[in-house]
Amino acid sequence: MATEHALTPSGYIAHHLSFDTAKIGAGNFWTLHVDTFVMSIILGCISMGLIWSVVRKSSSGVPSKGQAFVELLFGFVDDQVKNIFHGDRHSFIAPAALTVFVWVLLMNAMDFLPIDVMAHFVYGPLGLEKWRSVPTSDVNTTFALALTVWFLMIFFAIKSKGLKGWIHELFCSPFGTNPIIWPANFLFNMIEYISKPLSHSLRLFGNMYAGEVIFLLLGLWAATGLTGTIAGAILGAGWSIFHILIVVLQAFIFMMLTVVYLAMAHESH
Amino acid sequence: MDIGFTLVAQAIAFFVLIVFTIKFVWPPLLNAIETRQKEIADGLAAGERGRSELEQASKRSAEALSDAKNRASEIIAQAEKRANQIIEDAKNTAKSEGDRIIGGAKAEIEQEVNRAKEELRQQVSILAVAGAEKILRKEIDAKTHSEILTAIAKEL
């Protein structure tokens, strides 16, 4: 725990939950969370880079251990997509799902890094006092992913049904084609379109953010004395182990929702 | 919770990652896996073919084997029959030969006996004639009574 922030609990938590920001323009909008962005880029490069380096040497013969692992991942994602989407999944949805799963999984997994140890021994010496490790506990990341999926969803909806078909669907489903119920249909569809990215992103964000906060609270407890240190260490270990489940589960759910939304966009009602 | 430019940056990063995956990661992997699947399927089909061929071949060989066995036992049965026949023939031949030899011997013995009888008869008749000559002396003419003497000799 960084000494200058150990004095008050609120200071400690506020310190750990604030971002390393950079102004790139006037106004509140033009701030970039450097920590979130850099961590996610690094993790993206590591994940897809590793997979790419394995895939580049892939052979159809006996696979190497690395290739076997990547193929396991591939098979897992491909199976999930196959069950949900029945079109040509290899051109977009399945690779997108693999990207989402691997990337989000790694970003979530940053939660395993012990926050104070990282702050004190890694980020502190680098002069990154406010650095946060977990990109997915930044709502910007989850919204970015969810909105990208959302735009892709609309893009595929228009692509598979045509602009006219899509607009027709906005007004004429799910209740019927009668002009009297067009407003009801439209309202219904709007709620659906708004709730999708919200629930998609906030589910992941909430889980990761809450996980981080609990680690912080346990860290606070650990600072209160010997009893607190022991209890905090035990509970922290327990929470970390439970977090393994949450990290993987949330990455899986995020991928599944991505696939489901994109698959639904291809179906006409 | 402050939504800002980070969102745009992350969205761009995300999109770039997806495009990267679609372009460079997914196709070679898919290709490798599908090629292997095909190879495995081909291999399995070849194995299946080989197995059915082996089955047929073993069936054929079993047929050939039982055929050969049947023929062998047939040949053995024939040979046995033939051997029995030869033995039987040999026995018959030997028996008839023995009979013939015995018959010849018997005939010879009979001939010998007859000859001996004849000789004996003649000697007896001579003896009888000589005895009668001695008894009757002149009364008997050998020439006139030879017919009677011969008849007597024959009756002996």
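Note that the protein sequences, when read in sequence, are chains A and B. Using numbering that gives the first Met the number 0, the first residue of the first sequence is number 0, and each one after it goes up by one. Using numbering that gives the first Met the number 0, the first residue of the second sequence is number 0, and each one after it goes up by one. Yeah, the Cβ is synthetic: ideal placement off N, Cα and C, and Gly gets one too.
{"Check": "Chain A within 8 angstroms of Q55/B, Cβ atoms only", "Outcome": "no"}
{"Check": "Residues within the segment 23-52 of chain B neighbouring chain E, beta-carbon criterion of under 7 angstroms", "Outcome": "Checking the listed chains, one finds no chain E in this structure; the protein chains it contains are A and B."}
{"Check": "DSSP three-state assignment for L72/A, whether helix, strand or coil", "Outcome": "helix"}
{"Check": "Candidates V76/A, H199/A, R131/A, A67/A: closest to H32/A by CA position", "Outcome": "R131/A"}
{"Check": "Where W102/A falls, given that 16 or more other Cβ within 10 Å makes a residue buried", "Outcome": "buried"}
{"Check": "The segment 33-48 of chain B / the segment 50-63 of chain A touching (three or more Cβ pairs under 8 angstroms)", "Outcome": "yes"}
{"Check": "The segment 201-210 of chain A contacting the segment 61-75 of chain A, beta-carbon criterion three pairs below 8 angstroms", "Outcome": "no"}
{"Check": "CA nearest to the CA of L104/A, picked from P134/A, G175/A, T226/A, L151/A", "Outcome": "P134/A"}
{"Check": "T30/A (DSSP reduced to helix, strand or coil)", "Outcome": "strand"}
{"Check": "Residue burial classification, W220/A (beta-carbon count within 10 angstroms, cutoff 16)", "Outcome": "buried"}
{"Check": "Coarse secondary structure for T20/A, derived from DSSP in three states", "Outcome": "strand"}
{"Check": "Same chain only: Cβ atoms within 7 angstroms of V234/A, ignoring 5 sequence neighbours per side", "Outcome": "It should be noted that the sequence gives Leu, not Val, for residue 234/A. Answer for L234/A: L217, listed in chain order."}
{"Check": "Whole-angstrom C-beta distance between T140/A and T35/A, which should lie under 8 angstroms", "Outcome": "6 angstroms"}
{"Check": "Contained alpha helix (DSSP H) runs [length at least 4] in the segment 185-222 of chain A, N- to C-terminal order", "Outcome": "none"}
{"Check": "K58/B in three-state terms, based on DSSP", "Outcome": "helix"}
{"Check": "Distance between I108/B and G102/B (C-alpha atoms, nearest Å)", "Outcome": "10 angstroms"}
{"Check": "Nearest-angstrom Cβ-Cβ length linking F214/A and I114/A, presumed shorter than 8 angstroms", "Outcome": "6 angstroms"}
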